[in-house]
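Trainee:
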Amino acid sequence: MDKIKILFLAADPSDCTRLRLGQELRNIREKLQLSKERDKFSLESRESVRPEDLTQAFFDVEPQIIHFSGHGTNIGELCLEDSLGRMQPVSAVALANLFKLVANQVVCVILNACYSTIQAKAIAEHIPYVIGMSQSIGDKAAITFTVGFYKALGAGRLIEDAYKFGCSEIELEGIPENLTPVFYGEVTEAKSKQPKSTFQSFNVEDNLRSEKKIDYSYLRDLLKAGKWQEADDATLNAMLQMARRKKHGWMDIESINKLPHIDLLTIDTLWVKYSKGRFGFSVQKKIYLTCCEKTDRKHMYYIDECWKKFGDTVGWRVNENWIWHSEANFSISAPQGHLPIVFPKFTNPYDQSYMIGMINAYYNSPDAFHISPHSFTLLSRSNF
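By full-length UniProt numbering, the letter at position 237 of the sequence shown is numbered 237, and the numbering carries on one by one without gaps.
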């Protein structure tokens, strides 16, 4: 199992009250090193963080847990540093928009800063577990919460349990701020007497959120086992189930546009994770954008020449002919972006001819879409 990566971010501007952020980082490292699950975590830190440092740290570390320690304002801003080390506020909206971009990897965010519930609530729209502070919190209480939280996390407890242990640690120390930390997330009620571990509750591989109540554990297990063809089938079946188009066997534009963001993000995250970045909708979209410099990620539009170049690159076109589903390469050695495929599984020549005619008429293109009706519509979703 891959390690859970924790990114500790600290900002202590020179024009703010000084904080013991170094002590907090040492405590986190110590509690994790002493824990029974010590080999399952890795911890990296960035200090004197400026706004421009956030994205670079996310790219470098690719964390599942982000822990910010520093200052917050009572109007919902997080205080980072400018180039001179002075306070530079960042709005809750800007933070939420940033975390939306990394929602496929980040599972938990801790904002150990005063008045950070405003930011936490906004971020929780995109991240499963977020902790913020409802009011001003003292240095001692903030550090004490961290100690309790990471002791529990290192013992394999659930995220919400670790939050409760952090609050309990404050209370045990006789500090009257145990109600200041606030938890946002899906509280896991015990459905059996079997103990649950941290990895069962919040690891990326188990972050199987679905707006349509689809169980993605089967898809995850297939991908984890490298059963790419079965996983491709499970992907299409899940999409057809969401769209109520199982009897059709393929997706149309209207249905694709209505597929929930959360579900598509879950599917894409699983494909990207278990293929180690080779497969996934977001991988395919990145390749198309590389093939077509005339469009961009947010306002992506179809260009026949670019789509054909994309098809050649991902192996959906061979010798200038578009392949059918039965001709796909369901192995890890397939070209990058080759999977998943949401092609219809027609083997009857009559059905194939009908589909070719229907799609060609729709797109007014001689051959571009007959093996992947509306695949472009899926990739053009801004979610990826």
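Quick reminder that beta carbons are idealized off the backbone N, C-alpha and C, glycines included.
Count Cβ pairs between the segment 86-94 and the segment 30-37 that sit closer than 8 Å; are there 3 or more?
Mentor: At 8 Å Cβ cutoff, the stretches do not touch.
Trainee: Just tell me which of Lys246, Gln229, Phe376 and Val318 has its CA closest to the CA of Ser331.
Mentor: Ser331 has its Cα closest to that of Gln229, out of Lys246, Gln229, Phe376 and Val318.
Trainee: Using the three-state DSSP reduction, which class does Phe384 fall into: helix, strand or coil?
Mentor: Reduced to three states, the DSSP call for Phe384 is coil.
Trainee: Do Asp139 and Arg26 have their C-beta atoms closer together than 8 Å?
Mentor: Cβ distance not < 8 Å, so Asp139 and Arg26 don't count as in contact.
Trainee: In chain order, what residues of the same chain have a beta carbon less than 8 Å from the beta carbon of Ile175, not counting five sequence neighbours either side?
Mentor: If we look at Ile175 and ignore the five residues flanking it on each side, its Cβ neighbours are Gly138, Lys140, Ala141 and Thr144.
Trainee: For the alpha helix (DSSP H) containing Lys285, list its first residue and its last residue.
Mentor: Where Lys285 is concerned, the enclosing alpha helix (DSSP H) stretches over Phe281 to Cys291.
Trainee: Note down the Cα distance separating His126 from Arg18, rounded to an integer number of angstroms.
Mentor: Cα to Cα, His126 sits roughly 31 Å from Arg18.
Trainee: Work out the CA separation of Lys273 and Ile323 for me, nearest whole Å.
Mentor: Their backbone Cα atoms lie some 26 Å apart in a straight line.
Trainee: On the CB-based measure, 16 or more other CB atoms within 10 Å of its CB, does Gln119 come out buried or exposed?
Mentor: It counts as buried.
Trainee: Alpha carbon to alpha carbon, how far is Leu236 from Cys291?
Mentor: Whole-angstrom Cα-Cα distance: 25 Å.
Trainee: Reducing DSSP to helix, strand and coil, say where Lys140 ends up.
Mentor: Correct three-state label for Lys140: helix.
Trainee: Please say whether Leu9 and Ile28 have beta carbons closer to each other than 8 Å?
Mentor: No; because the gap between Cβ atoms is not below 8 Å, this pair is not in contact.
Trainee: Can you tell me whether Lys247 is helix, strand or coil according to DSSP?
Mentor: Looking at Lys247 - three-state DSSP - the assignment turns out to be coil, as it is neither helix nor strand.
Trainee: Taking just the CA atoms, how far does Phe58 sit from Phe165?
Mentor: Cα to Cα, the separation comes out at about 27 Å.
Trainee: Going by alpha carbons, who is nearest to Ala94 out of Val109, Gly76 and Cys108?
Mentor: That would be Gly76, whose Cα lies nearest to the Cα of Ala94.
Trainee: By alpha-carbon positions, which one of Thr377, Ser282, Leu339 and Leu379 ends up nearest to Val102?
Mentor: If we check each option's Cα against that of Val102, Ser282 comes out closest.
Trainee: What whole-angstrom Cβ distance do Leu78 and Ser116 have, given they're in contact under 8 Å?
Mentor: That pair is a contact at about 7 Å.
Trainee: Looking at the structure shown, is Pro176 part of a helix, part of a strand, or coil, going by DSSP?
Mentor: In this structure, Pro176 counts as coil in the three-state DSSP scheme.
Trainee: Ignore the nearest five residues each way along the sequence and tell me which others in Pro195's own chain have a CB closer than 6 Å to its CB.
Mentor: Low per-residue confidence applies at Pro195: pLDDT is 42, beneath 50, and the placement is therefore not dependable, though the value from the model is reported in the following sentence. Around Pro195: no qualifying Cβ.
Trainee: What span of residues does the alpha helix (DSSP H) with Asn112 cover, start to end?
Mentor: Element bounds for Asn112: not the alpha helix (DSSP H) but the beta strand (DSSP E), Cys108 to Asn112.
Trainee: Measuring alpha carbon to alpha carbon, tell me which of Ala225, Gly226 and Ala234 ends up nearest Tyr216.
Mentor: Nearest option by C-alpha distance: Ala234.
Trainee: Which same chain residues, not among the five before or five after Gln124, have their C-beta less than 6 Å away from its C-beta?
Mentor: The sequence given here has Ala at residue 124, not Gln. Within the same chain, Ala124 has close Cβ partners Val130 and Tyr184.
Trainee: Quick one: is Gly22 buried, meaning 16 or more other Cβ sit within 10 Å of its Cβ, or exposed?
Mentor: Classification of Gly22: exposed, given that the 10 Å Cβ count is below 16.
Trainee: Relative to the C-alpha of Gly277, which candidate in Gln336, Leu80, Pro13 and Ser168 has its C-alpha closest?
Mentor: Residue Gln336 is the option with its Cα nearest to Gly277.
Trainee: Pull up the DSSP beta-bridge partners for Met133, would you.
Mentor: Per DSSP, Pro181.
Trainee: Is Lys151 buried or exposed, if buried means 16 or more other CB atoms sit within 10 Å of its CB?
Mentor: Buried.
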